[in-house]
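**Student:**
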Amino acid sequence: MRIYNTLTKTVEEFVPNNPPQVKMYTCGPTVYHYAHIGNLRSYIMEDVLEKYLRYAGYDVTRVMNITDVGHLSSDGDTGEDKMLKGAEREHKTVMEIAEFYTKAFFDDCAKLRIKRPDIVQPATGCIDEFIQMIGTLLEKDYAYKAGENIYFDTSKVRDYYCLTGHSADNLMVGVRDDVDEDTNKRNRADFVLWFTKSKFENQQLKWDSPWGVGYPGWHIECSCIACKYLGEYLDIHCGGVDNIFPHHTNEIAQSEAAFGHKWCNYWFHVQHLNERGGKMSKSKGNILTVSVLEDEGYDPMVYRLFCLQSHYRKPLEFSYDVMDNMKTVYESLMKRVKALKPEGEPDMAKVQEYRQKFTDAVGEDLNTSLGITILYELLKDSVSDATKAESIRDFDKVLSLGLTEALDEAAAGSGDEAGVDADLAAYVEAKIQERLQAKAAKDYAKADAIRNELAAQGIRLKDSKEGTTWEKA
Ligand SMILES: [Zn+2]
Numbered sequence: 002m003r004i005y006n007t008l009t010k011t012v013e014e015f016v017p018n019n020p021p022q023v024k025m026y027t028c029g030p031t032v033y034h035y036a037h038i039g040n041l042r043s044y045i046m047e048d049v050l051e052k053y054l055r056y057a058g059y060d061v062t063r064v065m066n067i068t069d070v071g072h073l074s075s076d077g078d079t080g081e082d083k084m085l086k087g088a089e090r091e092h093k094t095v096m097e098i099a100e101f102y103t104k105a106f107f108d109d110c111a112k113l114r115i116k117r118p119d120i121v122q123p124a125t126g127c128i129d130e131f132i133q134m135i136g137t138l139l140e141k142d143y144a145y146k147a148g149e150n151i152y153f154d155t156s157k158v159r160d161y162y163c164l165t166g167h168s169a170d171n172l173m174v175g176v177r178d179d180v181d182e183d184t185n186k187r188n189r190a191d192f193v194l195w196f197t198k199s200k201f202e203n204q205q206l207k208w209d210s211p212w213g214v215g216y217p218g219w220h221i222e223c224s225c226i227a228c229k230y231l232g233e234y235l236d237i238h239c240g241g242v243d244n245i246f247p248h249h250t251n252e253i254a255q256s257e258a259a260f261g262h263k264w265c266n267y268w269f270h271v272q273h274l275n276e277r278g279g280k281m282s283k284s285k286g287n288i289l290t291v292s293v294l295e296d297e298g299y300d301p302m303v304y305r306l307f308c309l310q311s312h313y314r315k316p317l318e319f320s321y322d323v324m325d326n327m328k329t330v331y332e333s334l335m336k337r338v339k340a341l342k343p344e345g346e347p348d349m350a351k352v353q354e355y356r357q358k359f360t361d362a363v364g365e366d367l368n369t370s371l372g373i374t375i376l377y378e379l380l381k382d383s384v385s386d387a388t389k390a391e392s393i394r395d396f397d398k399v400l401s402l403g404l405t406e407a408l409d410e411a412a413a414g415s416g417d418e419a420g421v422d423a424d425l426a427a428y429v430e431a432k433i434q435e436r437l438q439a440k441a442a443k444d445y446a447k448a449d450a451i452r453n454e455l456a457a458q459g460i461r462l463k464d465s466k467e468g469t470t471w472e473k474a
């Protein structure tokens, strides 16, 4: 496949170090709040990338961290501790917050048909690894102790700005002017590897280290977790464009300083989702989540289709008008797929021909919208329904739009109401009533819990002005 590489700023042929193996790393969420759908755009596109690589015959191992310590509200080392803020907001411990929002994140991923990475590692489970790498960086003189913290010295690496293309003069993108400059830093871009002198008196999570009791900075976790499971050579590292600086820039600096060689060959970044011209941000208090979309009557698949219809390197404009259009598109697509009557054997030569077209389309810098165009071309084609169904199942390995499930459902004839078990119907209706009462009492946590409980049993609720309906997912 060909893919845009942020490191070289060009679309390149993807060549892993040891084909067919692909070592893929993804920056995971900071689990202090629900994920907003803008963040989930990145995870959807990374999911498509992973599935495409598998489809193309690669043997992918994908690792994701969970940030449950050390991430301050600016991506530099300033502001408040995000986890602590979440715990204070909800009168819970940091670990309770981490557990709750980690589960919420993977519940959202499941609704969006995002595959769980092979390895998911919370940062708090790797403190020994962080201490070890920081020790190496100190030994190699890439790190220093000042004001009781351990900092990475960015002036020691030759090409610190290799990912951003910035020079030292116009750096500090993402660092606000109104925050206090840390006078312990030798260079403005230096970052904290280990906080010993905590600025938060109520810091809940602390560990012993050779430099005193403290906790790790945010950036060190990804280098260490990637190394622990994938070794010192990565093929591809993923994230949102807001991770490029400082997070990924710092990951490269510290990894290559510690290992003494190039670390990762390809850097994949997904653009922002914008709402009415501005970037959606949790700090503004408007958290647009998967649950909000469901409450507004949109199947999470409608959002997935919306993301796949545009290119991952272009900013995407969110509005409910666009979602309404996308909902119509998705529903009519599902209808067409369910209406297929696959009888007899598929024409495998045609299936292969379509597989090639689809592979070429999506393989050109993950052009998912062209992949979907080919899906429509297939639906319009005069080939048999059996051939169409076979190709749709094939495409859906990458797209994951619920098309395979729709075909299975149509084949089982369970699309009609008569097939639904009466006991199940009574049970779900009771749950819907319980949820309505919870909502009326403004107990949204309970309402969400009921919906998630049903979702776990394969029951999807749909809210609209007329009330709540349900279907088997
Ligand atoms: Zn990371």
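To get our numbering, take the position in the sequence shown, counting from 1, and add 1. Glycine is no exception: its CB is placed at the ideal position from the N, C-alpha and C atoms. If you're wondering where the values come from, they're calculated on a predicted model, not measured in any experiment.
Among residues of its own chain, excluding the 5 on either side of R55, which ones have a beta-carbon nearer than 6 Å to its beta-carbon?
**Tutor:** By one-based count along the sequence shown, residue 55 stands at place 54. Once the five neighbours on either side are set aside, the close Cβ partners of R55 are V61.
**Student:** Hey, is C265 close to ligand 3, as in C-beta under 7 Å from one of its heavy atoms?
**Tutor:** As for ligand 3, it is missing from this structure, which binds only ligand 1.
**Student:** Where the beta carbon is closer than 5 Å to any heavy atom of ligand 1, which residues qualify, in chain order?
**Tutor:** Those residues, listed in chain order, are C28, C223.
**Student:** Tell me whether P17 is buried or exposed, calling it buried when 16 or more other Cβ atoms sit within 10 Å of its Cβ.
**Tutor:** Taking the sequence shown and counting its residues from 1, the one referred to as residue 17 is at position 16. Buried, since its Cβ has 16 or more Cβ neighbours within 10 Å.
**Student:** Assess, as a yes-or-no matter, whether the stretch 299–318 is touched by the stretch 349–358 under the definition of 3 or more beta carbon pairs within less than 8 Å.
**Tutor:** Below 8 Å, too few C-beta pairs join the stretch 349–358 and the stretch 299–318 to call them touching: fewer than three.
**Student:** Below 8 Å on the Cβ atoms is my guess for L341 versus W268; work out the distance and round it to an integer in Å.
**Tutor:** Translated into the one-based positions of the sequence shown, residue 341 becomes position 340. Translated into the one-based positions of the sequence shown, residue 268 becomes position 267. No, L341 and W268 are not in contact; Cβ-Cβ is about 40 Å, not under 8 Å.
**Student:** Here's the rule I'm using: 16 or more other beta-carbon atoms within 10 Å means buried, otherwise exposed. How should E318 be labelled?
**Tutor:** One-based indexing of the sequence shown puts residue 318 at position 317. When all chains shown are included, E318 counts as exposed.
**Student:** By the DSSP assignment, the beta strand (DSSP E) with N453 in it spans what residues?
**Tutor:** In the sequence shown, the residue the question calls residue 453 occupies position 452. Counting along the chain, N453 falls outside any beta strand (DSSP E), though it belongs to the alpha helix (DSSP H) covering 445–457.
**Student:** Hey, how far is the Cα of D361 from the Cα of I135?
**Tutor:** Here residue 361 corresponds to residue number 360 of the sequence shown, with the count starting at 1. Here residue 135 corresponds to residue number 134 of the sequence shown, with the count starting at 1. Looking at the two C-alpha atoms, the distance is approximately 44 Å.
**Student:** Specify whether the stretch 112–129 and the stretch 287–302 touch according to this definition: at least 3 beta carbon pairs, one from each stretch, less than 8 Å apart.
**Tutor:** yes
**Student:** So is T11 buried or exposed if we call it buried at 16+ other beta carbons inside 10 Å?
**Tutor:** Position 10 of the sequence shown, counting from 1, holds the residue named residue 11. Burial call: exposed.
**Student:** According to DSSP, C265 sits in a beta bridge with which residue or residues?
**Tutor:** As a working note, residue 265 is residue 264 in the sequence shown. Answer by DSSP bridge pairing, in chain order: L235.
**Student:** Compute the distance between the beta-carbons of V95 and L206, then report whether it is under 8 Å.
**Tutor:** Stepping through the sequence shown from its first residue, residue 95 is reached at position 94. Stepping through the sequence shown from its first residue, residue 206 is reached at position 205. Yes, Cβ-Cβ distance for V95 and L206 is below 8 Å.
**Student:** If you compare alpha carbons, which of G29, Q204, K351, D82 is closest to P118?
**Tutor:** Stepping through the sequence shown from its first residue, residue 118 is reached at position 117. When only C-alpha atoms are compared, the closest one is G29.
**Student:** From this set, E14, P21, L50, N19, which residue's C-alpha is nearest C308's C-alpha?
**Tutor:** Within the sequence shown, numbered from 1, the residue matching residue 308 stands at position 307. Answer by Cα proximity: L50.
**Student:** Let me know the secondary structure DSSP gives I288 once reduced to three states.
**Tutor:** As a first step, residue 288 is located in the sequence shown; it is residue number 287 there, counting from the start. Of the three classes helix, strand and coil, the one that applies to I288 here is coil, per DSSP.
**Student:** Helix, strand or coil for A147, going by three-state DSSP, please let me know.
**Tutor:** Mapped onto the sequence shown, residue 147 falls at position 146. Reduced to three states, the DSSP call for A147 is strand.
**Student:** Using a Cβ-Cβ cut-off of 8 Å (strictly less than) and excluding sequence neighbours within five positions of W471, which residues of its own chain qualify?
**Tutor:** The residue you call residue 471 lines up with position 470 of the sequence shown. Here the set comprises V429, I433, L455, I460, R461, L462, K463.
**Student:** Mapping DSSP to helix, strand and coil, what is N326?
**Tutor:** Numbered from 1 along the sequence shown, position 325 holds the residue referred to as residue 326. Three-state result, N326: helix.
**Student:** Check this for me: beta carbons of G1 and Y216, under 8 Å apart or not?
**Tutor:** Outside the displayed range of the chain (2 to 474) lies residue 1, so it cannot be described from this structure.
**Student:** Could you pull the start and end residues of the beta strand (DSSP E) that D275 belongs to?
**Tutor:** The residue given as residue 275 occupies position 274 in the sequence shown. Before going on, a small fix: residue 275 reads as Asn here, not Asp. Where N275 is concerned, the enclosing beta strand (DSSP E) stretches over 274–276.
**Student:** Tell me which residues share the same chain as T125 and place their Cβ nearer than 7 Å to its Cβ, disregarding the 5 neighbours each side in the sequence.
**Tutor:** Residue numbering aside, residue 125 sits at position 124 when the sequence shown is read from its first letter. Cβ neighbours of T125 within its own chain (closer than 7 Å, five residues either side excluded): D69, V70, L206.
**Student:** What separation, rounded to the nearest whole angstrom, lies between the Cα atoms of Y445 and F101?
**Tutor:** As a working mapping, residue 445 is identified with position 444 in the sequence shown. As a working mapping, residue 101 is identified with position 100 in the sequence shown. Whole-angstrom Cα-Cα distance: 15 Å.
**Student:** Comparing alpha-carbon positions, which option in P21, D108, T79 lies nearest I451?
**Tutor:** As a working mapping, residue 451 is identified with position 450 in the sequence shown. Per the Cα distances, D108.
**Student:** Grouping DSSP H, G and I as helix and E and B as strand, with all else coil, what is S385?
**Tutor:** Looking up residue 385 in the sequence shown gives position 384. Reduced to three states, the DSSP call for S385 is coil.
**Student:** Would you please state the rounded distance, in angstroms, between the beta carbons of F131 and E222? I believe it to be under 8 Å.
**Tutor:** The count along the sequence shown starts at 1 and reaches residue 131 at position 130. The count along the sequence shown starts at 1 and reaches residue 222 at position 221. Indeed, because the Cβ distance is near 7 Å, the residues count as touching under 8 Å.
**Student:** Measuring straight from C-alpha to C-alpha, what distance separates N188 and K157?
**Tutor:** Translated into positions along the sequence shown, residue 188 becomes position 187. Translated into positions along the sequence shown, residue 157 becomes position 156. Answer to the nearest angstrom: the Cα atoms are 10 Å apart.
**Student:** Tell me whether D322 is buried or exposed, calling it buried when 16 or more other Cβ atoms sit within 10 Å of its Cβ.
**Tutor:** Locating residue 322 in the sequence shown gives position 321, where the first residue counts as 1. Residue burial annotation: D322 is exposed, with fewer than 16 other C-beta atoms found within 10 angstroms of its C-beta.
**Student:** In the stretch 8–73, which residue ranges form an unbroken beta strand (DSSP E) of at least 3 residues, counting only runs that do not cross its ends?
**Tutor:** Within the stretch 8–73, the runs of beta strand (DSSP E) that reach at least 3 residues and sit entirely inside it are, in chain order, 11–14, 22–27, 60–67.
**Student:** So what does DSSP say about Q122, is it helix, strand or coil?
**Tutor:** As a working note, residue 122 is residue 121 in the sequence shown. In this structure, Q122 counts as strand in the three-state DSSP scheme.
**Student:** Look at the alpha carbon of A36 and the alpha carbon of D348, and state the distance between them as a whole number of angstroms.
**Tutor:** Counting from one through the sequence shown, the residue named residue 36 turns up at place 35. Counting from one through the sequence shown, the residue named residue 348 turns up at place 347. Whole-angstrom Cα-Cα distance: 43 Å.
**Student:** In angstroms with no decimal places, state the Cα-to-Cα distance between G77 and A147.
**Tutor:** The residue given as residue 77 occupies position 76 in the sequence shown. The residue given as residue 147 occupies position 146 in the sequence shown. Looking at the two C-alpha atoms, the distance is approximately 17 Å.
**Student:** Rounded to a whole number of angstroms, what is the C-alpha to C-alpha distance between L404 and K104?
**Tutor:** Here residue 404 corresponds to residue number 403 of the sequence shown, with the count starting at 1. Here residue 104 corresponds to residue number 103 of the sequence shown, with the count starting at 1. Distance between the alpha carbons of L404 and K104 is about 26 Å.
**Student:** Across which residues does DSSP place G215 in a beta bridge pair?
**Tutor:** On the sequence shown, residue 215 is found 214 positions in, with the first residue counted as 1. G215 has W208 as its beta-bridge partners, per DSSP.
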